[in-house]
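Mapping the sequence shown onto numbering that gives the first Met the number 0, position 113 (from 1) lands on 112, and the numbers just tick up by one. Glycine residues also receive a C-beta, built at the ideal position from the N, C-alpha and C atoms.
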Amino acid sequence: MANVDRLRRANGLTVGELLSRAGMTKSYYQSRAGFSLPYNTNDIEALAAALGVTPEEVASPETTTRIEMRVPAGPLVTRVRRLIESQASTEDELVRHLEEIDPLLSDNARTLLAAASHTVVLDEEVLRLITHWADVPTEYLTDYTDETVTDRTEAELELREAMRAAGASSIQFRALGQMSPDALRAIAQSLRSGPPTR
């Protein structure tokens with residue numbers, strides 16, 4: 000999925016354009032993007048053809064060139080801190096987690112979280128790893144134009160926080176299926192309100 004996202008952006012394609020070229024429906028793609036179902040070899044070949052690369056480039060993280068991107072520091076830092084809070088974690092814990100994976104990426108995260116400028120240049124992989132760590136779609140940090148992903152992700156984060164406050168230890172958001180952001184927020188509000196009084 001990380002390779003597909005990187006290659007899609009490198010080709011200047013929207014998700015819709017990629018799906019059209021690959022002959023996939025949005026729900027089919029999202030079920031794979033959410034890791035609820037795996038890609039099969041036909042999917043990989045269709046995506047490779049749509050992206051103009053070999054199937055090996057889609058399937059092998061080692062063959063994909065890392066992409067640096069210039070991002071607006073303020074909004075991105077706000078979103079990353081929101082994810083840290085939703086995990087009941089700290090910036091130091093996130094940086095240590097990234098350090099175990101790749102010290103250069105943990106340096107990217109430190110640079111972002113300490114950013115004093117309006118923009119910062121990051122390895123896109125650090126954003127993917129942060130979203131994976133927080134169990135949210137990669138686009139939440141990499142694509143500010145996707146209002147649907149943003150709205151749903153923020154609704155899921157509200158529900159996660161309400162569930163934690165109500166005593167739940169964890170939840171797999173992929174298990175929620177296609178609930179609307181409004182439905183997720185309604186559940187969160189219900190949890191925050193507590194049990195009905197008699």
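Query: Considering only C-alpha positions, which residue in the set Arg-159, Leu-121, Arg-151, Glu-157 is nearest to Thr-141?; Result: Leu-121
Query: My output table needs one value for Val-70: the three-state DSSP class, helix, strand or coil.; Result: strand
Query: Roughly how many whole angstroms lie between the Cα atoms of Val-94 and Ser-105?; Result: 5 Å
Query: Could you compute how far the alpha carbon of Ala-154 sits from the alpha carbon of Ser-116?; Result: 29 Å
Query: Helix or strand or just coil, what does DSSP make of Leu-128?; Result: helix
Query: Following the continuous alpha helix (DSSP H) through Thr-147, name the residue where it begins and the one where it ends.; Result: 146-164
Query: Check the DSSP bridge columns for Leu-121 and list the partner residues they point to.; Result: Met-68
Query: For Tyr-143, name the three-state secondary structure that DSSP assigns.; Result: coil
Query: Spatial neighbours of Leu-158 within its chain, please: CB distance less than 7 Å, with the 5 preceding and 5 following residues excluded, ordered by chain position.; Result: Leu-183, Ile-186, Ala-187
Query: Helix or strand or just coil, what does DSSP make of Thr-137?; Result: coil
Query: Take the Cβ of Pro-136 as the centre, count every other Cβ of all protein chains shown within 10 Å, and call the residue buried at 16 or more, exposed below.; Result: buried
Query: Suppose the cutoff is 8 Å on Cβ atoms and the five residues either side in sequence are ignored; what does the same chain contact list for Ile-129 look like?; Result: Val-79, Leu-82, Leu-93, Leu-97, Ala-108, Leu-140
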